[in-house]
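Last residue of the sequence shown: 375 in numbering that gives the first Met the number 0, with the numbers rising by one and none dropped. Even for Gly, the Cβ is constructed at its ideal location relative to N, Cα and C.
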Amino acid sequence: MSSENIPLVDLRAQYLALKPEFMAAFEEVLEGMQLFIGPRQRAFEQEFAMYCGCQFGVGNASGTHALELALRACGIGAGDEVITVANTFIATVEAIAAVGAIPVFVDIDPETYLMNWQQLEQVLTPRTRAILPVHLYGHAVEMQPVMDFARVHGLRVIEDASQAHGATYKGQRVGSFGDIGCFSLYYSKNLGAFGEAGICTTNDAELAEKMRMYRDHGSRVRYLHEVMGANGRLDELQAAVLLIKMPHLERWNEARQAHAQAYNEQLRGIVDAVPVVRPWGTHVYCYYVIQVPDRDRFRQFMQDEGIGTNVHYPIPLHLQPACVSYGYKPGMFPVTEALAPKIVSLPMYPELTGKQVQRVIDSVKKYIGSVASHSA
């Protein structure tokens with residue numbers, strides 16, 4: 000085993016590269032002591048919205064809160080149904096539950112792991128109010144048929160783009176298709192704060208105003224509370240971090256794509272599946288997800304090699320204890336359930352070196368070779 004460990008994500012490398020800028024910005028914020036709803040937040044909101052091709056950005060406390068703000072602003076509430084997928088992080092459904100709505104799942108495409116829009120008609124009911132597609136792992140959902148379906152049936156569309164900062168569908172960036180786009184700015188994302196943060200994007204001024212009110216205790220004017228809101232503001236220190244990182248996002252995404260290409264070229268045909276990129280979309284590889292035989296053994300093998308892996312996500316949401324009240328049973332989403340035991344994420348971050356990528360590839364090949372010789 001090499002003495003150099005390769006983590007799943009190396010946050011320190013990015014921090015060290017920009018450390019002087021971070022320290023200078025922190026000192027400036029702390030000297031001024033305007034710690035939230037300040038100039039950096041407003042500048043970041045504007046810059047990120049423009050990057051996504053939207054007019055308005057609403058910074059907030061987390062990706063989970065972004066989703067909840069979006070649902071509330073769209074008037075989604077008690078008893079309303081929101082169509083989404085079970086192959087995503089729990090936050091997608093937590094936000095739906097938080098506003099009193101009911102998640103209704105459809106299965107996923109077996110190659111991209113994204114929403115199978117062809118199943119939307121099957122789950123449509125008079126209580127359906129919104130569709131919540133998830134641009135998972137960094138690849139855009141096929142948005143045109145989703146938007147067409149929503150238009151025909153008068154549904155809201157809220158994009159969960161928490162893993163897809165900068166990904167495109169037909170040349171247009173995600174987060175700009177639906178009524179609202181929701182992004183997590185969690186520290187390990189393509190664009191991450193130093194902890195928790197989120198942002199919503201929209202072209203609807205009224206929705207933007209509602210989200211600003213909800214994130215600040217239901218208040219547009221201090222101490223005048225029009226509705227029950229929440230404490231969901233983006234603070235100035237996090238906004239300062241994000242403003243410094245923002246100009247690097249495209250370059251970082253290109254580095255991720257280059258690493259993914261190297262992985263693909265050598266692992267395609269070796270492992271059971273590598274990421275697929277549809278011709279109408281781009282992939283920004285928040286995670287690089289493959290399929291392997293005997294995943295748990297694979298992860299242990301890679302750990303012994305000094306290489307980090309993770310599983311995004313091992314238990315589909317419809318089978319989570321927290322979702323038992325929705326009445327879903329094993330077997331209802333066969334594609335999602337078949338993939339869950341096979342998928343595994345390899346190291347992926349912009350600062351990976353060519354040497355590190357090759358070491359990961361060599362270790363994966365070594366494992367697959369050991370499986371082949373064992374079964375021979």
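Excluding the 5 residues flanking it on each side, Thr-308 has same chain C-beta neighbours closer than 7 Å at Leu-7, Arg-298, Met-301, Val-343, Ser-344 and Leu-345, in chain order.
Residue environment for Trp-251: buried (at least 16 other C-beta atoms within 10 angstroms of its C-beta).
The beta carbons of Ile-314 and Ala-337 sit no closer together than 8 Å.
The criterion of a C-beta distance shorter than 8 Å is satisfied by Gly-180 and Glu-158.
Pro-274: not part of any beta strand (DSSP E); DSSP gives it neither H nor E.
About 20 Å separates the beta carbon of Arg-172 from that of Arg-155, a gap too long to meet the 8 Å contact definition. For Asn-4, the number of other beta carbons within 10 angstroms of its own is below 16, and it is reported as exposed.
Taking a contact as a CB-CB distance under 8 Å, the pair Val-84 and Ile-75 does not count as one, their CB atoms being some 17 Å apart.
Separation of the CB atoms of Glu-350 and Gln-13 is rounded to 6 Å, and the pair is thereby assigned contact status at 8 Å.
Three or more beta-carbon pairs drawn from the region 55-74 and the region 195-203 are found closer than 8 Å, and the two stretches are therefore classed as touching. A distance below 8 Å separates the beta carbons of Leu-233 and Gln-40. Boundaries for Phe-88: no beta strand (DSSP E) harbours it, and the DSSP string shows neither H nor E there. Per DSSP, the continuous alpha helix (DSSP H) segment holding Cys-51 begins and ends at 38-51. Shown here, Glu-120 sits in a helix according to DSSP, grouped into three states. In the DSSP assignment, Gln-162 falls outside any alpha helix (DSSP H), carrying neither H nor E. Each residue's CA atom was taken as its position, placing Ile-306 and Cys-322 some 33 Å apart.
Taking the C-beta atoms as reference points, Leu-119 is found nearer than 8 Å to Ile-130.
For Ala-16 and Thr-167, the gap between their C-alpha atoms comes out near 27 Å. When rounded, the separation of the alpha-carbon atoms in Lys-169 and Glu-46 is 22 Å. If you ignore the 5 residues before and after Arg-358, its C-beta comes within less than 6 Å of no other C-beta in its own chain. With a threshold of 16 other beta carbon atoms within 10 Å, Arg-211 meets it and is buried. Judged by DSSP in its simplified three-state form, Arg-294 adopts helix. Tyr-327 carries a coil assignment under DSSP once its states are collapsed to helix, strand and coil. In this chain, the beta strand (DSSP E) harbouring Asn-59 covers 55-59. In the DSSP assignment, Phe-104 falls within the beta strand (DSSP E) that extends over 101-105. Annotated three-state conformation of Gln-171 is strand, per DSSP. DSSP, reduced to helix, strand and coil, places Gly-228 outside both helices and strands of the structure shown, so it counts as coil. Of the candidates Ala-94, Gly-37, Phe-25 and Val-363, Val-363 places its Cα closest to the Cα of Ala-272. Going by DSSP, Ile-82 is part of the beta strand (DSSP E) stretching over 80-84. The region 22-30 and the region 138-153 do not touch, with fewer than three beta-carbon pairs separated by less than 8 Å.
With respect to the 8 Å criterion, Leu-10 and Ser-187 are classified as neighbours on the basis of their beta carbons. Selection Tyr-312, Val-140 and Gly-52 evaluated against Gly-280 yields Val-140 as nearest (Cα-Cα). Within the model, the alpha-carbon separation for Met-347 versus Cys-73 is close to 35 Å.
A straight line joining the alpha-carbon of Val-103 with that of Met-22 spans about 45 Å.
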